[in-house]
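Residue numbers (my numbering): 3 to 250.
By construction, the Cβ of each residue, glycine as well, lies at the ideal position given by its N, Cα and C atoms.
It should be emphasised that the depicted structure is a prediction, and the values quoted were computed from it without experimental measurement.
Have a look at the structure below, then the notes.
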Amino acid sequence: MPGAIDIVNVSKVFTIRHNRAQSLKTAFIGIFHRRYREEKETLWALRDVSLSVRPGEALGLIGRNGSGKSTLLKIIAGIYPPTSGRVRLADGSRVGTIIELGVGFNGELTGKENIRLGASIHGLSRREIDALYPTVVDFSELHALMDVPFKNYSSGMQARLGFALAVNLEPDVMLVDEILAVGDEAFQRKCIARMERFRAEGKTIVFVSHVPETVKRICDRACILDHGALVFEGTPAEALDVYHRLLQ
């Protein structure tokens with residue numbers, strides 16, 4: 003039976019190019035003749051990852067910084083294409099993403115304008131947006147800042163607005179990175195409670211976190227990524243035990 007998310011043999015390679023001048027003289031010549039020695043560095047962010055997330059399952063992704071967790075979320079969300087392999091989401095799935103601060107928001111627009119624009123991009127009608135708007139504002143608790151440009155929000159405020167919009171668009175699949183760590187403790191508890199409600203409603207969640215208690219509380223299953231490879235799948239308690247041993 004197809005999953006809500008099926009990840010099949012996904013790899014992602016980034017090529018980093020460096021222009022290196024041999025000396026001050028060659029650097030000066032290069033300004034006029036564009037002759038630089040170009041060096042390329044290949045970075046494997048993911049290596050042959052295969053994984054299926056069942057409908058209604060909350061999956062935790064854990065691993066060290068640079069292990070590929072955020073890259074995998076971005077591939078699932080369609081932000082990055084895989085170098086090889088494929089990702090399939092269930093037909094008609096509406097995906098909510100909270101991956102990076104400010105992604106999907108225009109810094110020059112106000113909070114109010116960004117909410118309306120984001121909802122419009124997701125296909126809501128003007129009437130639906132009018133009904134949604136106060137719900138998003140109430141959840142974010144940013145009533146006094148709706149007419150302030152988004153670029154003037156603190157990182158915590160940006161996270162609040164991003165989460166408030168994403169969850170109230172009622173997605174079928176929710177992709178959440180460690181971005182919640184920038185919010186205050188009370189708002190983090192509010193977000194976690196909302197994700198627990200999503201889970202109870204049979205929605206699918208993929209959640210990245212370094213906080214063991216949160217992974218155990220939200221997730222049914224957890225996977226460990228290490229150097230871009232999937233090295234373990236199991237219960238959250240099992241995965242966290244293996245992860246802690248990896249860190250030693």
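Buried versus exposed call for phenylalanine 200 [16 or more other C-beta atoms within 10 Å across all chains shown]: buried
Entirely enclosed alpha helix (DSSP H) segments - the segment 66 to 91, minimum 4 residues: 71 to 79
Closest by C-alpha distance to lysine 76, when choosing among Glu203, Gly204, Leu177, Phe165: Leu177
Meets three-Cβ-pair contact criterion under 8 angstroms: the segment 106 to 114 and the segment 146 to 154: yes
Identity of the residue in Gly120, Pro4, Thr237 nearest asparagine 170 by Cα: Gly120
Distance between beta carbons of isoleucine 220 and methionine 197, contact taken as under 8 angstroms: 6 angstroms
Sufficient close CB pairs (3 or more, under 8 angstroms) joining the segment 4 to 19 to the segment 86 to 100: yes
Three-way DSSP call (helix, strand, coil) for leucine 103 in this model: Assigned with DSSP and collapsed to three states, leucine 103 falls in coil, not helix or strand.
Alanine 166 burial status per 10 Å Cβ neighbour count (16 or more: buried): buried
Which listed residue (Leu232, Ala133, Asp132, Gln160) has its alpha carbon closest to that of glutamate 1: The structure shown does not extend to residue 1, since the chain spans only 3 to 250, so no value can be given for it.
Own chain, CB closer than 6 angstroms to valine 233, minus 5 neighbours either side, in chain order: Ile226
Which residues DSSP lists as bridging serine 54, in chain order: Its beta-bridge partners are Asp8.
Opening and closing residue of the alpha helix (DSSP H) in which threonine 216 lies: 214 to 220
heavy atom of the ligand FAD below 6 angstroms from alanine 146 C-beta: Although the ligand FAD was asked about, the structure shown includes no ligands whatsoever.
Residue interval of the alpha helix (DSSP H) (run including methionine 159): 157 to 170
DSSP bridge partner residues for serine 13 (one or two, in chain order): Under DSSP, the beta-bridge partners assigned to serine 13 are Ser86.
For methionine 176, the three-state DSSP class (helix, strand or coil): strand
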